[in-house]
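J.: When we follow my numbering, the leftmost residue of the sequence shown carries the number 4, and every step to the right adds one.
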Amino acid sequence: MKKKSIFFSISIALVAVILTTGCSFLSSAEPLNKPTGVFVAGNAVFWNKVTNATDYNIYKGDVLLASTDNRYYVIEELTSDVFISVQAADENGKNSDSKKSDAIIMLKNTNFSTDEIINITLDNDIVYEIESSINKVVLSMQTNYESVNNVQIKILDREKDLTIELNDVVIYGPNNEPVISNYIKSVIYTNAPYTVNFVVHGDNEIYSGQAVGVPPKPAENTQTKGGNGYNGQDAVLLSQANFMGTGNLSLHGSDGGQGGVGSDSSGISTAVYGWGGDGGDGGNGLNCSKYVLNLSAASTLSGKAGNGGTGGSPGNNGSVISGPFNTAEWSNRFGAKGYDGLPFSGTEYIISGQKTTI
4 MKKKSIFFSI SIALVAVILT TGCSFLSSAE PLNKPTGVFV AGNAVFWNKV TNATDYNIYK
64 GDVLLASTDN RYYVIEELTS DVFISVQAAD ENGKNSDSKK SDAIIMLKNT NFSTDEIINI
124 TLDNDIVYEI ESSINKVVLS MQTNYESVNN VQIKILDREK DLTIELNDVV IYGPNNEPVI
184 SNYIKSVIYT NAPYTVNFVV HGDNEIYSGQ AVGVPPKPAE NTQTKGGNGY NGQDAVLLSQ
244 ANFMGTGNLS LHGSDGGQGG VGSDSSGIST AVYGWGGDGG DGGNGLNCSK YVLNLSAAST
304 LSGKAGNGGT GGSPGNNGSV ISGPFNTAEW SNRFGAKGYD GLPFSGTEYI ISGQKTTI
């Protein structure tokens, strides 16, 4: 009887150990992956989805700012630069929280000093170059102007974000040029290391420059295709843009130019006349690697695509010898129409506000 009691006690103990171990095993969840793809656009931070995460913790340095089930977080005002990191979490609690993402800097969006701000009252026929020492540009119209023509905003080489405030402006760009763009010597525009933060007030319109110019006609009897038409331009051409504020903004890409005329054939030459050149491609309203829509709910960002240019005509067939045999296919030798542009080109991240196509 005593042996049975001992055996029974040992069995109960073993079951208890197994149950305890099993419960402990079941209650410990694998840590979630660290958030990736973290980037900042103005006062908003974004990141990629983490599998099995239900929430994300946002940190400013080591201080927890907030938790959200979105994949973005907006900080209303920053008077100084801060470092932001993101941590994935799920309903099981901190036992399954991920490691924080690598910290990324979020630059101040208020409290600029006087020498960091430039106020521009727009006038016609001016290229405004924005130096790297300027961190905020305020654009407005002269009181007696409804629009300005042949105006361009060139953002020169820089590392830090730039804020551009728009106050009821209507801008027409110079021929064959975008209106607002980054001019960078070291990298192509899609890799520029900064964001342009547009703060929109009132109603604003930006029209890219028209495609102007005719490709030169090739020399006769060379069987040469005409040159391609000039491409239409983008209203805004940047690496990364962020649209904030309570106003509306319309961006208009321009049409591509017509293709050039092909070479002529003449005299008794057996040379065949050239094909017409292709039309230029239409411009985009907005052309960015990625852009963020963070306008007020009632505000609108509108985009208009430029049309592709028409193809050029083939050259004249004046050859006495080849003329009779090629005249019939003259109508088949026109250049192709250029590609139409896009109202918006780039990866979009929408927080609030409306996006429309004109």
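No residue lacks a Cβ here, since even glycine has one placed at the ideal position from N, Cα and C. Here the structure is a predicted model, which is why all the values come from computation and not from measurement.
Use the C-beta contact count for N320: other C-beta atoms within 10 angstroms, 16 or more gives buried, fewer gives exposed.
T.: As a working note, residue 320 is residue 317 in the sequence shown. N320 should be labelled buried.
J.: In whole angstroms, give me the CA-to-CA distance for L296 and Y131.
T.: Residue numbering aside, residue 296 sits at position 293 when the sequence shown is read from its first letter. Residue numbering aside, residue 131 sits at position 128 when the sequence shown is read from its first letter. If I take the Cα positions, the gap works out to 26 Å.
J.: Nearer than 7 Å: is that true of the beta carbon of G356 relative to any heavy atom of the ligand FMN?
T.: As far as ligands go, the structure on display features none, and thus does not contain the ligand FMN.
J.: Are there 16 or more other CB atoms within 10 angstroms of the CB of M317, so buried, or fewer, so exposed?
T.: For the purposes of this step, residue 317 is taken as residue 314 along the sequence shown, with counting starting at 1. First, the residue type needs correcting, since residue 317 is Pro and not Met in the sequence shown. Under this definition P317 is a buried residue.
J.: Which class does D58 belong to by DSSP, given the choice of helix, strand or coil?
T.: Taking the first residue of the sequence shown as 1, we reach residue 58 at position 55. Three-state result, D58: strand.
J.: Which residue from S150, Y148, E149 and I156 puts its Cα closest to that of V141?
T.: For this step, residue 141 is matched to residue 138 along the sequence shown. Closest option to V141, Cα to Cα, is I156.
J.: Using the Cα positions of E134 and L241, report the straight-line distance between them to the nearest angstrom.
T.: For the purposes of this step, residue 134 is taken as residue 131 along the sequence shown, with counting starting at 1. For the purposes of this step, residue 241 is taken as residue 238 along the sequence shown, with counting starting at 1. One C-alpha to the other measures close to 16 Å.
J.: For D105, count neighbouring C-beta atoms within 10 Å of its own C-beta (all shown protein chains included) and say buried if the count is 16 or more, exposed if not.
T.: Here residue 105 corresponds to residue number 102 of the sequence shown, with the count starting at 1. Result: exposed.
J.: Within 10 angstroms of its Cβ, does V18 collect 16 or more other Cβ (buried), or is it exposed?
T.: Here residue 18 is taken as the residue at index 15 of the sequence shown, counted from 1. Confidence at V18 is low in this model, with a pLDDT of 42, below 50, so its placement is unreliable and the value that follows should be read with caution. Answer is exposed; the Cβ neighbour count stays below 16.
J.: I think M247 touches G45, with their Cβ atoms under 8 Å apart; what is that distance to the nearest whole Å?
T.: As a position in the sequence shown, residue 247 is number 244, starting the count at 1. As a position in the sequence shown, residue 45 is number 42, starting the count at 1. Yes, they are in contact, since the Cβ atoms of M247 and G45 sit about 6 Å apart, within 8 Å.
J.: Can you tell me the Cα-Cα spacing of G212 and S184, whole angstroms?
T.: On the sequence shown, position 209 is the one that residue 212 refers to. On the sequence shown, position 181 is the one that residue 184 refers to. Distance between the alpha carbons of G212 and S184: 12 Å.
J.: Could you give the DSSP three-state label for N251: helix, strand or coil?
T.: Reading the sequence shown from its first residue, position 248 is the one you call residue 251. Of the three classes helix, strand and coil, the one that applies to N251 here is strand, per DSSP.
J.: Quick one, which of L125, E162 and A214 has its alpha-carbon nearest N170's?
T.: Within the sequence shown, the letter at position 167 stands for residue 170. Comparing Cα positions, the closest option is L125.
J.: With contact counted as at least three CB pairs below 8 Å, one residue from each stretch, are the stretch 342–349 and the stretch 265–275 in contact?
T.: The stretch 342–349 is not in contact with the stretch 265–275.
J.: Check the DSSP bridge columns for G357 and list the partner residues they point to.
T.: Taking the sequence shown and counting its residues from 1, one reaches residue 357 at position 354. The residue you asked about is not Gly; residue 357 is Gln in the sequence shown. Bridge partners of Q357: T303.
J.: Reducing DSSP to helix, strand and coil, say where S143 ends up.
T.: Here residue 143 refers to the residue found at position 140 of the sequence shown. Residue state, collapsed to three classes: strand.
J.: Can you find the residues in the same chain that come closer than 8 Å, C-beta to C-beta, to I361, ignoring five residues on each side of it along the sequence?
T.: As a working mapping, residue 361 is identified with position 358 in the sequence shown. Excluding residues within five positions, the ones whose Cβ falls inside 8 Å are S253, H255, G288, S305, G306, K307 and P346.
J.: Could you check how far apart the C-beta atoms of N200 and D237 are, in whole angstroms? I think they sit under 8 Å.
T.: Here residue 200 is taken as the residue at index 197 of the sequence shown, counted from 1. Here residue 237 is taken as the residue at index 234 of the sequence shown, counted from 1. Going by Cβ atoms, the distance from N200 to D237 rounds to 18 Å, so no, they are not a contact pair.
J.: Going by DSSP, what residue range makes up the beta strand (DSSP E) through H201?
T.: If you number the sequence shown from 1, residue 201 lands on position 198. The question names His, but residue 201 is Phe in the sequence shown. Taken as a continuous stretch (DSSP letters only), the beta strand (DSSP E) holding F201 covers V199 to H204.
J.: If you reduce the DSSP assignment to three classes, tell me which class N335 lands in.
T.: Mapped onto the sequence shown, residue 335 falls at position 332. DSSP places N335 in helix when its eight states are reduced to three.
J.: What is the rounded straight-line gap between the Cα of N114 and the Cα of G338?
T.: As a working note, residue 114 is residue 111 in the sequence shown. As a working note, residue 338 is residue 335 in the sequence shown. N114 and G338: Cα-Cα distance of roughly 55 Å.
J.: Please tell me whether A214 and G235 are closer than 8 Å, where the distance is taken between their beta carbons.
T.: Working through the sequence shown from its first residue, we reach residue 214 at position 211. Working through the sequence shown from its first residue, we reach residue 235 at position 232. Taking 8 Å as the Cβ cut-off, A214 and G235 qualify as a contacting pair.
J.: Whole angstroms is fine: what's the gap from W278's alpha carbon to T198's?
T.: The residue given as residue 278 occupies position 275 in the sequence shown. The residue given as residue 198 occupies position 195 in the sequence shown. Going from the Cα of W278 to the Cα of T198 covers about 44 Å.
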